[in-house]
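What follows is a short report on a single structure.
Here you go:
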């Protein structure tokens, strides 16, 4: 959390709270630090707060309706 604040980034929990408060239907987490080999921890953290969360991967395409 401290590192995120130092670099003006959000934690997965903060992003999930923002998404929930904004009533977004689907939350997509992206822009992870290279320090993390796996985004599972971020996904699990966000899923505790928001019902529909996924992590973006390179070349992910999403249709927006």
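In my numbering, the protein residues as written are 586 to 650.
C-beta atoms are modelled at their ideal positions from N, C-alpha and C, and glycine is treated no differently.
Rounded C-beta distance between residue i and residue j? I'm assuming under 8 Å.
i: residue 631; j: residue 597; result: 4 Å
i: residue 603; j: residue 640; result: Not a contact, Cβ separation roughly 16 Å.
Distance check for residue j and residue i, CA to CA, integer angstroms please.
i: residue 642; j: residue 607; result: 23 Å
i: residue 628; j: residue 605; result: 15 Å
i: residue 636; j: residue 600; result: 13 Å
i: residue 595; j: residue 623; result: 17 Å
i: residue 625; j: residue 638; result: 11 Å
Any idea which residues DSSP pairs residue i with across the strands?
i: residue 612; result: 638
Could you check which residue in the options has the C-alpha nearest to that of residue i?
i: residue 647; options: 611, 623 and 622; result: 611
i: residue 644; options: 622, 616, 638 and 621; result: 616
i: residue 649; options: 626, 595 and 609; result: 609
Taking only three categories from DSSP, how would you classify residue i?
i: residue 648; result: coil
i: residue 596; result: coil
i: residue 626; result: helix
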